[in-house]
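*Asks:*
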Amino acid sequence: MPINSIDDLLALPELRAQKVDSTSHSLHRLRLAYWGKNAPDGDVWDLTRPILEPWSEGKLVVFEEYLRILEVIDVARQKHTSNPVAHQGVLITGSPGIGKTSSLWFILVTYLCRAEPIVFYYQDKIYVFTASGVYFVASGQVLQTDLFSNILCLVDMDWGQAPGPGALRNEVLLTSNQTFVVGASSPDEDRYHFWMKQARILTFVLEAPTTKDLSNLCRLTDRNFQESDFPRKTKSLLAIFGPDLRRLVPALLEHNVDNQQDLVRRHIAEILAHIRRLGSDDLFRLFQRPDQVSDTFSHTLIETHRSPLFSKDDHLVCHRIRSRMILRLVLQASQREKLARMRYMYMSDLFRASSPVAVSKGWVFESLCHARICAMDTLLLLPMTRDGNRLSRNLKDSPFEIPIGERKIEIYTSHSTAQSTANPATYYVPAEGNNPTFDAFIHGPPGFSVGFQMFVGKSRDVKEKGMTLLRKRLHNYDAARDWKATPIKSVFVVPQQHNDVVVDLPGPGRAFTDIQFFVLEMPGTEHEMFAPDTDTEDSGDEMDID
Numbered sequence: 004m005p006i007n008s009i010d011d012l013l014a015l016p017e018l019r020a021q022k023v024d025s026t027s028h029s030l031h032r033l034r035l036a037y038w039g040k041n042a043p044d045g046d047v048w049d050l051t052r053p054i055l056e057p058w059s060e061g062k063l064v065v066f067e068e069y070l071r072i073l074e075v076i077d078v079a080r081q082k083h084t085s086n087p088v089a090h091q092g093v094l095i096t097g098s099p100g101i102g103k104t105s106s107l108w109f110i111l112v113t114y115l116c117r118a119e120p121i122v123f124y125y126q127d128k129i130y131v132f133t134a135s136g137v138y139f140v141a142s143g144q145v146l147q148t149d150l151f152s153n154i155l156c157l158v159d160m161d162w163g164q165a166p167g168p169g170a171l172r173n174e175v176l177l178t179s180n181q182t183f184v185v186g187a188s189s190p191d192e193d194r195y196h197f198w199m200k201q202a203r204i205l206t207f208v209l210e211a212p213t214t215k216d217l218s219n220l221c222r223l224t225d226r227n228f229q230e231s232d233f234p235r236k237t238k239s240l241l242a243i244f245g246p247d248l249r250r251l252v253p254a255l256l257e258h259n260v261d262n263q264q265d266l267v268r269r270h271i272a273e274i275l276a277h278i279r280r281l282g283s284d285d286l287f288r289l290f291q292r293p294d295q296v297s298d299t300f301s302h303t304l305i306e307t308h309r310s311p312l313f314s315k316d317d318h319l320v321c322h323r324i325r326s327r328m329i330l331r332l333v334l335q336a337s338q339r340e341k342l343a344r345m346r347y348m349y350m351s352d353l354f355r356a357s358s359p360v361a362v363s364k365g366w367v368f369e370s371l372c373h374a375r376i377c378a379m380d381t382l383l384l385l386p387m388t389r390d391g392n393r394l395s396r397n398l399k400d401s402p403f404e405i406p407i408g409e410r411k412i413e414i415y416t417s418h419s420t421a422q423s424t425a426n427p428a429t430y431y432v433p434a435e436g437n438n439p440t441f442d443a444f445i446h447g448p449p450g451f452s453v454g455f456q457m458f459v460g461k462s463r464d465v466k467e468k469g470m471t472l473l474r475k476r477l478h479n480y481d482a483a484r485d486w487k488a489t490p491i492k493s494v495f496v497v498p499q500q501h502n503d504v505v506v507d508l509p510g511p512g513r514a515f516t517d518i519q520f521f522v523l524e525m526p527g528t529e530h531e532m533f534a535p536d537t538d539t540e541d542s543g544d545e546m547d548i549d
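See below:
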């Protein structure tokens with residue numbers, strides 16, 4: 004009997020391929036629904052079974068990145084057809100929980116609609132979709148035949164934990180000399196390095212879902228979903244929860260502010276607990292080798308992204324500290340646990356431009372300042388002079404010294420009550436990193452209340468709303484005080500010898516009669532840490548108590 008097709012091959016008794024034709028089997032139903040049919044319309048596809056997280060209810064939200072992945076695959080396969088030495092597959096990677104596995108389902112349905120044979124490694128089993136049905140095959144050896152040349156093979160590389168060459172998953176991956184393998188993997192290099200070494204593979208780094216993607220996902224889940232203020236809400240919660248949809252979506256869907264803030268507090272507590280469990284050595288290794296992170300929760304500290312300086316079709320995998328909040332929590336943990344190794348990270352080469360994990364120089368400087376101010380007994384403040392709405396260094400007046408004493412850092416969330424941030428022995432730092440007016444504050448000795456803003460550039464704008472929020476925090480501690488007689492001290496913390504610092508006040512400045520402005524110079528470990536400024540502030544409103 005001549006073997007002219009994949010169906011002929013799978014019919015051979017010695018292969019023991021099993022046809023999946025039970026209507027109770029999800030993949031059989033999927034093929035019946037889509038083989039040779041028109042692709043679903045719109046951004047939300049109603050599939051035949053739940054394939055995503057519980058909130059999806061069997062529907063697939065087509066993220067914008069999925070369309071780009073499909074384009075890359077189609078172009079690469081076309082090149083491979085005419086040029087055998089072209090790329091033999093595509094690695095899809097990115098931070099956990101952003102939809103890598105779901106992208107495989109999108110690709111699968113698309114190819115079923117095209118009526119093209121396709122291989123799918125699913126739940127540690129190999130399935131082959133053909134014109135006659137879906138077949139289960141026990142070994143990847145069958146995929147090595149010429150009939151599977153350039154046939155698309157989808158592999159969820161995170162299924163199972165066995166990275167060794169004997170694992171069925173890896174057996175499928177190594178069929179790249181025939182099939183065109185598309186593998187979705189977490190950014191743990193141990194899962195895919197053997198495959199990348201033995202085949203010519205393109206890399207596609209999946210970026211976080213867009214605001215539109217998240218809106219579609221939320222609308223799908225909650226019929227009462229309201230889009231008003233959604234972009235701002237998304238931006239602020241992304242900074243806290245990161246792009247992991249398993250953590251982000253429940254917070255986005257929570258309409259009750261108190262319940263949402265409870266989710267925020269619990270998440271921050273989990274991060275702090277995880278940092279303490281890691282300890283200084285493991286945390287140091289995490290930041291040194293972020294491409295070897297195997298546990299999902301460590302990706303709440305770092306995230307994976309693609310370099311903007313690399314090919315649009317073959318991405319360079321990069322890693323960065325996920326947010327300013329993460330650095331603040333690492334600092335709090337290091338102070339309370341007295342882990343010198345953590346503090347050393349800020350002084351070492353770890354967070355330099357050449358580091359494997361990227362971080363804004365402004366963030367590093369801010370963290371250094373928090374640590375040093377908390378260890379200081381006194382602050383030497385340099386006065387500023389005002390010309391209209393512009394503040395600049397006053398080089399004529401003498402420095403102003405205030406005692407503060409050593410303090411413990413405490414991270415608070417924007418919806419924490421003012422009463423909860425009224426301890427005179429604490430150095431308070433907001434968890435949210437989108438506050439362009441103050442990065443910390445303290446209740447000083449009688450008559451002294453200080454807000455700190457760290458920056459490494461030459462200029463800065465003051466937001467009137469930010470100062471209003473700072474007042475609420477500080478006034479609660481000493482409500483009876485004459486604030487015009489003993490004003491709040493707003494201190495701009497800058498690298499040493501930044502004599503040309505300029506700060507612009509909003510409007511006519513009437514709201515700042517109870518505030519004095521100063522500069523605090525902070526010596527740095529190396530000059531290049533502070534130039535150029537890579538710290539960009541959120542131009543949106545500060546988050547804090549109403």
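Numbered as in the working numbering, the sequence shown ends at 549 without a single skipped number.
Note that beta-carbon positions come from the ideal geometry of N, C-alpha and C, so glycine has one too.
Computed from a predicted model, the values in this text were never measured in an experiment.
Taking C-alpha atoms, which residue in A141, M199, P120, D481 lies nearest to I129?
*Replies:* The shortest C-alpha separation from I129 is found at A141.
*Asks:* For the 8 Å Cβ check, are there 3 or more pairs between the stretch 88 to 102 and the stretch 302 to 310?
*Replies:* As far as the Cβ criterion goes, the stretch 88 to 102 touches the stretch 302 to 310, which means the pair count is three or higher.
*Asks:* Using DSSP's beta-bridge definition, name the partner residues of E558.
*Replies:* The shown model of the chain, from 4 to 549, leaves out residue 558, and the question about it has no answer.
*Asks:* Among residues of its own chain, excluding the 5 on either side of H270, which ones have a beta-carbon nearer than 7 Å to its beta-carbon?
*Replies:* Correct list, in chain order: I243, F244, R250.
*Asks:* Using 8 Å as the Cβ pair cut-off and three pairs as the minimum, do the stretch 491 to 503 and the stretch 448 to 461 touch?
*Replies:* With the cut-off at 8 Å, the stretch 491 to 503 and the stretch 448 to 461 touch.
*Asks:* Does the Cβ-Cβ distance between V145 and L18 come in under 8 Å?
*Replies:* Closer than 8 Å, so yes.
*Asks:* Between which two residues does the alpha helix (DSSP H) holding S106 run?
*Replies:* Per DSSP, S106 belongs to the alpha helix (DSSP H) from 103 to 116.
*Asks:* Return the CA-CA distance between M328 and V112, expressed in angstroms with no decimal places.
*Replies:* Each residue's alpha carbon lies about 39 Å from the other.
*Asks:* Excluding the five sequence neighbours on either side, which residues of its own chain have a C-beta within less than 6 Å of the C-beta of P5, listed in chain order?
*Replies:* Result list for P5: empty, nothing under 6 Å.
*Asks:* Can you give the Cα-Cα distance for N153 and Q147, rounded to whole angstroms?
*Replies:* Whole-angstrom Cα-Cα distance: 11 Å.
*Asks:* Find the nearest neighbour of F207 within the set A421, K40, D317, judged by alpha-carbon distance.
*Replies:* It is D317 whose Cα lies nearest to the Cα of F207.
*Asks:* Counting along the chain, where does the beta strand (DSSP E) carrying Q456 start and finish?
*Replies:* That run of the beta strand (DSSP E) goes 452 to 457.
*Asks:* Measuring only the C-alpha atoms, how far is R80 from Q21?
*Replies:* Approximately 28 Å, taken between the alpha carbons.
*Asks:* So if DSSP puts I76 in a beta bridge, which residue, or which two residues, is it bridged to?
*Replies:* Answer is none; I76 lacks a bridge partner.
*Asks:* Give the range of the beta strand (DSSP E) segment to which Q21 is assigned.
*Replies:* Residues 21 to 23.
*Asks:* In this structure, does DSSP put Q144 in helix, strand or coil?
*Replies:* Here Q144 sits in helix by DSSP.
*Asks:* Determine contact between the stretch 193 to 205 and the stretch 85 to 95, defined as no fewer than three beta-carbon pairs at a distance below 8 Å.
*Replies:* Yes, since at least three Cβ pairs between the stretch 193 to 205 and the stretch 85 to 95 fall closer than 8 Å, the two stretches touch.
*Asks:* Could you check what DSSP says for A14 in three-state terms: helix, strand or coil?
*Replies:* Reduced to three states, the DSSP call for A14 is coil.
*Asks:* Which full runs of the beta strand (DSSP E) of 3+ residues lie inside the stretch 194 to 272, going along the chain?
*Replies:* Complete beta strand (DSSP E) runs here, min 3: 204 to 208.
*Asks:* Go through its chain and collect everything with a Cβ distance to L150's Cβ below 6 Å, but skip five positions before and after it.
*Replies:* Answer for L150: I9, L12, listed in chain order.
*Asks:* Would you kindly work out how many angstroms separate the C-alpha atoms of G408 and R474, rounded to a whole number?
*Replies:* About 22 Å.
*Asks:* I'd like the span of the alpha helix (DSSP H) that includes R484, first residue to last.
*Replies:* Taken as a continuous stretch (DSSP letters only), R484 belongs to no alpha helix (DSSP H), as it is neither H nor E.
*Asks:* Please determine, among S179, T416, D380, P448, the residue with the shortest C-alpha to C-alpha distance to P87.
*Replies:* Selected option, being the one with the closest Cα: S179.
*Asks:* Can you look up I329 in the DSSP assignment and give me helix, strand or coil?
*Replies:* Helix at I329.
*Asks:* Have a look at T516, S27, W48, M160 and flag the residue whose alpha-carbon is nearest the alpha-carbon of W198.
*Replies:* It is M160.
*Asks:* Short of 8 Å in beta carbon distance, which residues of its chain neighbour S25, apart from the five on each side in sequence? Order them along the chain.
*Replies:* Excluding positions up to five away in sequence, the list reads H31.
*Asks:* Considering just the uninterrupted stretch of the beta strand (DSSP E) at H418, what are its terminal residues?
*Replies:* It is not in any beta strand (DSSP E) - H418 carries neither H nor E in the DSSP assignment.
*Asks:* Output the distance between the C-alpha atoms of L289 and D507, rounded to the nearest integer angstrom.
*Replies:* The straight-line gap from Cα to Cα measures roughly 40 Å.
*Asks:* On the premise that C156 lies in contact with Y37, defined as a C-beta separation below 8 Å, what is that separation, rounded to the nearest angstrom?
*Replies:* Their Cβ separation, rounded to whole angstroms, is 18 Å, which puts Y37 and C156 out of contact at 8 Å.
*Asks:* Using CA atoms only, rank isn't needed, just tell me which of L383, A428, K62, Y125 is closest to A186.
*Replies:* For the sequence presented, residue 186 should be read as Gly rather than Ala. Answer by Cα proximity: Y125.
*Asks:* Taking its Cβ as the centre, do 16 or more other Cβ atoms sit within 10 Å of A483, making it buried, or is it exposed?
*Replies:* Burial call: exposed.
*Asks:* Are the beta-carbon atoms of L50 and G61 separated by less than 8 Å?
*Replies:* Closer than 8 Å, so yes.
*Asks:* Measuring alpha carbon to alpha carbon, tell me which residue in N397, S401, D442, I491 is nearest I518.
*Replies:* Closest by alpha carbon: I491.
*Asks:* Please state the DSSP three-state secondary structure of H318.
*Replies:* It is coil, neither helix nor strand.
*Asks:* If you draw a straight line from the alpha carbon of S423 to that of V453, how long is it in whole angstroms?
*Replies:* C-alpha separation (whole angstroms): 17 Å.
*Asks:* Using a threshold of 8 Å, state whether the C-beta atoms of L63 and S29 are closer than that.
*Replies:* No, the pair does not count as a contact, with Cβ atoms beyond the cut-off.
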